[in-house]
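Under our numbering, the first residue of the sequence shown is numbered 1, with each subsequent residue one higher. C-beta atoms are modelled at their ideal positions from N, C-alpha and C, and glycine is treated no differently. Let me begin by presenting the structure, written as structure tokens, before commenting on it.
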Amino acid sequence: MSQNYPNKPGSKGGGASKDAAEQIVTRAAMLRSAILALMLKGYRLTADEIAAQLRESVLAVRPRVSELVKKSDLIKLKDRRKNISGMTAQVLRHKDSLTAVDLPQPTTAKPRRSATPALHTDQNALFG
1 MSQNYPNKPG
11 SKGGGASKDA
21 AEQIVTRAAM
31 LRSAILALML
41 KGYRLTADEI
51 AAQLRESVLA
61 VRPRVSELVK
71 KSDLIKLKDR
81 RKNISGMTAQ
91 VLRHKDSLTA
101 VDLPQPTTAK
111 PRRSATPALH
121 TDQNALFG
């Protein structure tokens with residue numbers, strides 16, 4: 001494992017794993033920041049749920065969550081929920097979020113009004 005882990009992505013060996021860790025350094029920092037900003041709102045989420053909220057791949061988010069847990073920025077709770085693979089995953093919270101907050105429910109978009117009909121029939125021919 002890299003001596004910079006968990007502050008930078010690491011690998012357990014050399015070769016492709018090490019190359020991948022080196023290539024994702026900038027993106028990893030951005031993802032960790034986004035994860036912390038989301039979790040600081042008080043949500044209690046699994047790594048896969050975090051990925052869904054951020055609209056990111058679970059393959060990119062799971063290692064960042066592990067890094068943040070290792071740094072004690074995210075705390076593992078006793079609760080577990082099924083993830084995308086069907087296995088259970090631990091629910092997490094931000095270290096500074098002591099009060100749980102539910103995710104907002106998706107709102108239904110208001111129906112759009114269609115354009116008003118043209119006042120004259122000849123306008124309908126030109127623009128309709």
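Selection S57, E49 and S97 evaluated against A89 yields E49 as nearest (Cα-Cα). The criterion of a C-beta distance shorter than 8 angstroms is satisfied by V65 and L74.
Its chain contains T88 as the residues whose beta carbon lies nearer than 7 angstroms to that of K82, once the 5 sequence neighbours on both sides are disregarded; these appear in chain order. In the structure shown, K71 adopts coil according to DSSP, grouped into three states.
If you compare the alpha carbons of A52, E56, R44 and A51 with that of L98, the shortest gap goes to R44.
Each residue's CA atom was taken as its position, placing E56 and I24 some 14 angstroms apart. Looking from the CA of G42, the closest CA among P104, H94 and K78 belongs to H94. Burial check for P104: the Cβ neighbour count within 10 Å stays below 16, so the residue is exposed. Boundaries of the alpha helix (DSSP H) harbouring A34: V25 to M39, taken from the DSSP string. The three-state reading of DSSP puts R80 in strand, counting E and B together. For L31, the closest C-alpha among the options L40, T46 and L54 is that of L54. According to the DSSP secondary-structure assignment, L45 is paired through a beta bridge with L92.
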